[in-house]
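So the structure is just underneath, and the comments pick up after that.
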Amino acid sequence: MSLDKEQFLQAYRTMRTIRDFEYRVSDEFGKGNIPGFLHLYAGQEAIATGMCMNLDDDDYIVSTHRGHGHCIAKGGDVGDMMKEIMAKQGGSCAGKGGSMHIAAVEKGMLGANAIVGGGPPLIVGAALSAKTLGTDRVGVSFTGDGGSNQGTTFEAMNLAVVLKLPAIFLFENNGYGEGTAAGYAVGSKDIASRAAAFGMPALKVDGADIFAVYETCKKAVKHCRSGKGPIAIEASITRFRGHFEGDAQAYRGKDEVKRLMKEMDCLVIASANAIKKKLATKAQLSKIDQEVAAYIDESARAALAAPGPDVSELLTDVYSSPY
Amino acid sequence: MPIKTYRQAINEAMAQEMRRDSTVIVIGEDVAGGAGCDGDRDAYGGVMGVTKGLFPEFGESRVIDTPITESAIMGAAAGAAQTGLRPIAELMFMDFLGVCFDQIYNQAAKFRYMFGGKAQCPMVVRTMAGAGLRGGAQHSQNLTQMVTMVPGLKVVCPTNAYDAKGLLISAIRDNDCVIFVEDKFLYETSCEVPDEMYTIPFGEANFLREGTDVTIVGISNTVNKAVAVADRLAAEGISCDVIDPRTTSPLDEEAIIESVETTGRLVIVDEMTPRCGIAADISSIVAEKAFGALRAPIRKVTAAHSPIPFAPALEDAWMPQESDIEAAVRYVLGYKR
Ligand SMILES: Cc1ncc(C[n+]2csc(CCOP(=O)(O)OP(=O)(O)O)c2C)c(N)n1
Ligand SMILES: [Mg+2]
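Order-wise, the sequence lines are chains L and P. Per my numbering, the first sequence starts with residue 2, numbered consecutively. Per my numbering, the second sequence starts with residue 125, numbered consecutively.
Now the structure itself:
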């Protein structure tokens, strides 16, 4: 049931890729190479990774404004993502989407979403397709603690129960929606307990522990694939960065981020556990670190060197055919 | 007179009105920030810092941080407005109108009429619009046309700090639901703004430049671009009337028509998509009411008919630029039947 050696190394590589990707785009943003708004997933890597390792390419996910990690975990092309975020030709969305709309539709990553609460109804639709077309696919919506309070989320959860759809509502409770604490904004305090009121089961998991996330998500996917209807997961986690890059984070306690980065770093926890369980050696992990670092650097350089989209593309893809 | 930014002017209007009238409240997401957190309260004062300082002065009963829940924010404001409060509800980005529009256009806008004049909805929706910050398809739209078309709503688009303060005070005192559209490009712009409270009436256009050759009407920040173009063209001896309607509902039709009767030429600029937009609306009004005065076809300078692209070059091509305004002015001037 738990991650075996090979799976662990894969999980570690994915988490490391997300972490390095995020820190690199943060640097490039600082240098003025990335336009627009940037919300980073650093610190939350184990959640997307543990969930997506339980999914096939043809399963579906929808994401949030903090979507790079979900996209990488679902198999999105890192080079294309880097280009997209830098608004370049060859970007995943042809330079039309950007960070907040990162997607890998061909891999079942149906899109990041700049509307909080935009995703959950969409995943109900993806699960409806799966059920109606008789495939065994499942759909997962990644939603924040903040997004858990939107009416669209409540409606989506209820509809998924009514139609008994293979949908997983995965809530990443990182403690904050912008500068407001989940402890204030989530009236019930805990998100998972709401699920029962909608008529679906829920699981809770420590989002910094890749082993626990993987196993919890495995149960949830099995539940959905076996036709038992939707299920919710609440993963508790923190965010290492501000809400957006440039956020002064005055709402956070003194040294809070420093402390949490020490206590809740999924990569540090994963390495220690794996070495203890003899799933990996230090040398293996540092080799992965080096490979990932080189890969991210290469992707970033290629993106920096790529040209921006041609202005003639402004009116393409508004409709399915010339308008 | 003191110089203040657009941001300060809006903040001051709210603070002064809240001091004057204890029924005025502010409600929205992170309007203070830091609720339930270990760090600073009032950490944000709104994502653009426009409501900063209101929380320390007026406290949590009048400056209310909410969960992310726009439908409930707008509905709660409307219900509170019907029952004795004068809420200023913040919709962080105008794009989020999609999440909560029912509470605004089916509820707030219709109480007075639907209930035979026995109800009212004195609320303000402060929201932020405008492209050019590379915010992408869901964080850049100006949807002024969507609210302008709704009977019962009033719509205000301040284009400078002075107007912002006077118009917001009018909006707060107004007994109808007012949508107050702040242009995100203008927060740092400044001009002379009196410390005292003052109001600017709705439906009264502002002539930013007076001229005789071409009338240019601009909505939100596009009017500032129009002024820049007019000033450049003035050096060539081309004289433009530049009109800022300030409110799209009510709209000062008279000012526009009178101007067109002098110039015979009209260019309308807005940063919305071209179909069913404000430019199209004004164009139809002038075509109906001042047809005889027109010496050239009306020119609309709008955004392109597409979602707003992320890539800078595409977004720049999407939105109306000064060069587009200039080309339109030259077109109407050069037009021969
Ligand atoms: C409908 C809507 N309301 C508000 C926002 C502004 N906003 C963007 S992200 C965010 C916080 C989201 O919090 P959460 O769901 O917990 O996700 P996290 O940022 O923690 O990943 C807010 C308020 C938005 N994008 N869409
Ligand atoms: Mg959160």
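The beta-carbon is built from N, C-alpha and C at its ideal position, and this holds for glycine as well.
- Residue list for ligand 2: L:Gly145, L:Asp146, L:Gly147, L:Asn175, L:Tyr177, L:Gly178 (CB closer than 6 Å to any heavy atom, chain order).
- Membership of cysteine 218 of chain L in the alpha helix (DSSP H) is indicated by the continuous run 211-226.
- Within chain P, no residue has its beta carbon less than 9 Å from that of phenylalanine 212 of chain L; the closest one is some 29 Å off.
- Annotation: glycine 148 of chain L to proline 421 of chain P spans about 48 Å, alpha carbon to alpha carbon.
- Taking each of P:Ser430, P:Asp376, P:Ala428 in turn and checking the Cα distance to aspartate 405 of chain P, the smallest one comes out for P:Asp376.
- None of the residues of the stretch 285-297 of chain P has a beta carbon lying less than 9 Å from any beta carbon of chain L.
- Inter-residue distance for leucine 418 of chain P and valine 384 of chain P is about 7 Å (C-alpha atoms, whole angstroms).
- For tyrosine 252 of chain L against glycine 158 of chain P, the beta-carbon gap comes to about 4 Å, under 8 Å, which counts as contact.
- Straight across, the Cα-Cα distance linking isoleucine 188 of chain P with aspartate 298 of chain P is about 21 Å.
- Secondary-structure assignment with DSSP links arginine 210 of chain P through a beta bridge to P:Val148.
- Nearest to isoleucine 62 of chain L by C-alpha distance, out of L:Ala303, L:Ala193, L:Gln291, L:Arg138, is L:Arg138.
- With a threshold of 16 other beta carbon atoms within 10 Å, alanine 196 of chain L meets it and is buried.
- Residue-level contact by beta carbon holds for histidine 102 of chain L and chain P, with a gap shorter than 8 Å.
- At a cut-off of 7 Å, the beta-carbon of histidine 102 of chain L does not count as near ligand 1: no heavy atom of the ligand is closer than that.
- Within the DSSP secondary-structure output, isoleucine 169 of chain L pairs in a beta bridge with L:Val141, L:Ile232.
- Collapsing the DSSP output to three states places threonine 283 of chain P in coil.
- Using a Cβ-Cβ cut-off of 8 Å, serine 373 of chain P does not count as an interface residue toward chain L, since no Cβ of chain L sits closer than that to its own.
- Segment contact: the stretch 282-299 of chain P against the stretch 391-399 of chain P, fewer than three CB-CB distances shorter than 8 Å; contact not assigned.
- For serine 447 of chain P, the uninterrupted alpha helix (DSSP H) segment begins and ends at 446-458.
- Listed along chain L, the residues sitting closer than 9 Å to valine 223 of chain P by beta-carbon distance are Ile116, Val117, Gly118, Gly119, Gln151, Gly152, Thr153.
- Under the Cβ distance rule, isoleucine 149 of chain P does not count among the residues neighbouring chain L, no pair being separated by less than 8 Å.
- For isoleucine 303 of chain P, the enclosing beta strand (DSSP E) begins and ends at 301-307.
- Between methionine 273 of chain P and the set P:Asn230, P:Asp287, P:Thr426, P:Leu310, the nearest pair of CA atoms involves P:Asn230.
- Neighbours of phenylalanine 38 of chain L in chain P, taken as residues at a C-beta separation under 9 Å, are given in chain order as Leu257, Arg258, Gly259, Gly260, His263.
- Here DSSP, grouped into helix, strand and coil, assigns aspartate 164 of chain P to coil.
- Here DSSP, grouped into helix, strand and coil, assigns phenylalanine 30 of chain L to helix.
- Selection P:Ile381, P:Gly458, P:Pro191 evaluated against aspartate 365 of chain P yields P:Ile381 as nearest (Cα-Cα).
- For the 8 Å CB-CB criterion, threonine 251 of chain P and methionine 218 of chain P form a contact.
- For the options L:Ile289, L:Arg302, L:Gly180, the alpha carbon positioned closest to that of valine 155 of chain P is the one of L:Gly180.
- Interface criterion met: the Cβ of cysteine 161 of chain P is under 8 Å from a Cβ in chain L.
- According to DSSP, threonine 251 of chain P shares a beta bridge with P:Leu215, P:Val305.
- Its Cα nearest to that of proline 122 of chain L, the residue L:Met158 stands out among L:Gly76, L:Ala88, L:Met158.
- Taking C-beta atoms under 8 Å as the contact rule, alanine 261 of chain P and proline 444 of chain P fail to qualify, at a distance of about 18 Å.
- A Cβ of chain L is located within less than 8 Å of the beta carbon of aspartate 164 of chain P.
- By alpha-carbon distance to arginine 370 of chain P, the top candidate from P:Ser294, P:Glu439, P:Phe415 is P:Ser294.
- In this structure, glutamate 235 of chain L has its CB at a distance of at least 7 Å from all heavy atoms of ligand 1.
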